[in-house]
Amino acid sequence: MVWTTTLGVWVGAIGTLALFSLIYRENRFYRLFEHLFIGLAAGFLIKSTWDETLYPQWWTPMVKDGQWPWILALGLGGLFYTIYSKKHSWMSRISIGVLLGLLSGQIFQTTANEFIPQIQRSFKPLVVQAADIPQGSQLTQLGMSLNNILFMVILVCVITYFLFSFEHKNKVITGSARTGRLMLMFAFGAIFGSTVMARMALLIDRVWFLMHTWLGLG
Amino acid sequence: MDWLQRLLSRLFPPLHGTGFYIAIIVCLILFVALFFVIQLLPPKARKMIIVGATFFAGLFYAAEFFLPASPKPKDENFLTFAVPTVANFQNVLTAFTLGLGIYSLVRVHGSNVLKQKPNWENSVVLLGGMIVMAVAGLGWGEKSLFYRSLFRDVLANFDGAMFAILAFFIISAAYRAFRIRSAEATLLMVSALVVMLGQIPIGQFITSGLPENGSYLSLLRLDNISNWLLTTVNAPATRAISFGLGIGALAIGLRLWLSLERGAYFEAKAE
Chain A
1217 MVWTTTLGVW VGAIGTLALF SLIYRENRFY RLFEHLFIGL AAGFLIKSTW
1267 DETLYPQWWT PMVKDGQWPW ILALGLGGLF YTIYSKKHSW MSRISIGVLL
1317 GLLSGQIFQT TANEFIPQIQ RSFKPLVVQA ADIPQGSQLT QLGMSLNNIL
1367 FMVILVCVIT YFLFSFEHKN KVITGSARTG RLMLMFAFGA IFGSTVMARM
1417 ALLIDRVWFL MHTWLGLG
Chain B
498 MDWLQRLLSR LFPPLHGTGF YIAIIVCLIL FVALFFVIQL LPPKARKMII
548 VGATFFAGLF YAAEFFLPAS PKPKDENFLT FAVPTVANFQ NVLTAFTLGL
598 GIYSLVRVHG SNVLKQKPNW ENSVVLLGGM IVMAVAGLGW GEKSLFYRSL
648 FRDVLANFDG AMFAILAFFI ISAAYRAFRI RSAEATLLMV SALVVMLGQI
698 PIGQFITSGL PENGSYLSLL RLDNISNWLL TTVNAPATRA ISFGLGIGAL
748 AIGLRLWLSL ERGAYFEAKA E
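Those sequence lines, one after another, are chains A and B.
Residue 1217 is where the first sequence starts when you use this note's numbering, and the numbers rise one by one after that.
Residue 498 is where the second sequence starts when you use this note's numbering, and the numbers rise one by one after that.
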């Protein structure tokens, strides 16, 4: 290893231990490395914003390809900074408005491209035919039908739980909403389990880094 | 169909050399003039500018989506060609907000250092780290050994460590949540346990005696139950949540686009 890599590994290892020290309790060592982490992340954000957005999408078309109307982005982007002047701060709302407008316009496309296909795919056959079973699936017709029925029941129950347009007085609605709530807990449990496992994988990776890359064990 | 594209390229042709610099300078002068002119407008007119800017910005995507497209295989209308450019414009505009965050960091931590407030050393480390990383990335470039070591050995490690710490906090929070003995908490715990056990070797070992496939007994294997929970129980529930989010986003999008939203930001006077 060259000296920069060795130094990097040592800083990384000491920093990892410092950040883990929070598990015991809050301390100065942790605070110091937490600040270093934020500083490095902010520096990385500056670098990646220029390298991945501003340079290829703004500077290059404007300066190298001669597309001078891109200067408009500088003027509109500059208006964000009027927020620091009491007299001119209202102008920052023009730029914010443009961003919000673009985002809200995109929502139509997101709805059409993401949610409509999802709604279509949610209408699963409740009585599955042999031809509907995907290749390689180990499920029988009955098993797949039961899975699809359960899928539909959970979907309808959870949607009922989120219906706030009217009061849940009807027994069918109350029962359905209650089942939806329980199914949500099941789903949240599954998400929680997956999240914990993902974090554990990161923890194992950190321990591997300390043991293997830093201490050279294993 | 591409008449708009031709019109725009005639109105705003690419310029190089002196013509380019003249166009840039003229635009900047116009910006500065416009800046002072709109400052003279009364509050009502200012609000109209904000509402108009929001509406016209949103109109592009809405029009591109709603206007009929030409028949397949092109499946495009006269605005489709501009979608990548407008998307880039949106990215660039968002990127310009980075300076607000950096300014805020420098102001807060710079003040800590200058006034030597308690723990000002941490602020020095933060500002130093930011400058070193930005200079290493922008100055020496991605291929330099120093930047790569700084990113891979330091930043990526700290990032991993920070998220790994969350494992402990999540488990601690879950322990407190599971102490509430209710049907909901029990279901949450049971499904979390099954999913976790299904993903680790010891969990898979518990039911390893059962056949992997070809028998109904294979349905009782923990890895199969875990997979079934994720695909058949979790998927419809999260899909129902995402439908709710989608409808909510559509409603909020419409309200923002038409400036119907209420609240401190939207109702503030443009003075």
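Glycine is no exception: its CB is placed at the ideal position from the N, C-alpha and C atoms.
- Take the alpha-carbon of A/LEU1248 and the one of B/ILE668: they are about 26 angstroms apart.
- Taking 7 angstroms as the cut-off, the beta carbon of A/LEU1270 is found closer than this to the beta carbon of B/ALA592.
- Taken in chain order, the complete alpha helix (DSSP H) segments of 4 residues or longer contained in the stretch 1273–1312 of chain A are 1287–1294.
- By the CB criterion at 7 angstroms, B/ALA658 and A/THR1232 fall inside the cutoff.
- Residue burial is scored here from C-beta neighbours: A/TYR1377 has at least 16 other C-beta atoms within 10 angstroms and is therefore classed as buried.
- Proximity of A/TRP1275 to chain B, defined by a Cβ-Cβ separation below 7 angstroms, is not satisfied.
- For A/ASN1386, there is no enclosing alpha helix (DSSP H), as DSSP marks it with neither H nor E.
- Between A/PHE1324 and B/PHE562, the gap from beta carbon to beta carbon is short of 7 angstroms.
- Here B/VAL687 carries a helix assignment [DSSP, helix/strand/coil].
- Looking at the backbone, the Cα of A/ILE1335 and that of B/ALA737 are separated by about 10 angstroms.
- Nearest to A/ALA1347 by alpha-carbon distance, out of A/THR1326, A/ASN1329, A/PHE1253 and A/GLN1357, is A/GLN1357.
- Taking C-beta atoms under 8 angstroms as the contact rule, B/SER646 and A/GLY1224 qualify, at a distance of about 4 angstroms.
- Taken atom to atom, the span from the alpha-carbon of B/LEU707 to that of B/SER688 is near 20 angstroms.
- With 16 or more other CB atoms across the displayed protein chains lying within 10 angstroms of its CB, B/HIS606 is buried.
- Among the CB atoms of chain A, none fall inside 7 angstroms of the CB of B/GLU573.
- Straight-line spacing of the CA atoms in B/GLY514 and A/TRP1274 works out to 18 angstroms.
- Contacts between A/GLN1357 and chain B, judged by CB atoms closer than 7 angstroms, are missing: the closest CB pair is about 14 angstroms apart.
- About 6 angstroms separates the CB atoms of B/MET693 and A/VAL1412; that is less than 8 angstroms, so the two are in contact.
- Under the 7 angstroms criterion on CB atoms, B/PHE655 is classed as interfacial with respect to chain A.
- Chain A places no beta carbon closer than 7 angstroms to that of B/ILE522, leaving this residue out of the contacts.
- For B/SER620, the enclosing alpha helix (DSSP H) stretches over residues 617–632.
- For the stretch 647–707 of chain B, the full-length alpha helix (DSSP H) segments reaching 4 residues or more read 653–675, 680–696 and 698–703 along the chain.
- Taking 8 angstroms as the upper bound for CB-CB distance, A/ALA1406 and B/LEU726 are in contact here, some 5 angstroms apart.
- Proximity to B/ARG718 across B/ILE703, B/GLU618 and B/LYS612 peaks at B/ILE703, based on C-alpha coordinates.
- At a cut-off of 7 angstroms between beta-carbon atoms, B/LEU726 makes contact with chain A.
- DSSP, reduced to helix, strand and coil, places B/LEU556 within a helical segment of the structure shown.
- Close to chain B, meaning a Cβ-Cβ distance shorter than 7 angstroms, are the following residues of the stretch 1350–1384 of chain A: GLN1354, ASN1363, LEU1366, PHE1367, ILE1370, LEU1371, VAL1374, ILE1375 and PHE1378.
- Contact between the stretch 1250–1269 of chain A and the stretch 637–652 of chain B is present: three or more C-beta pairs spanning the two stretches fall below 8 angstroms.
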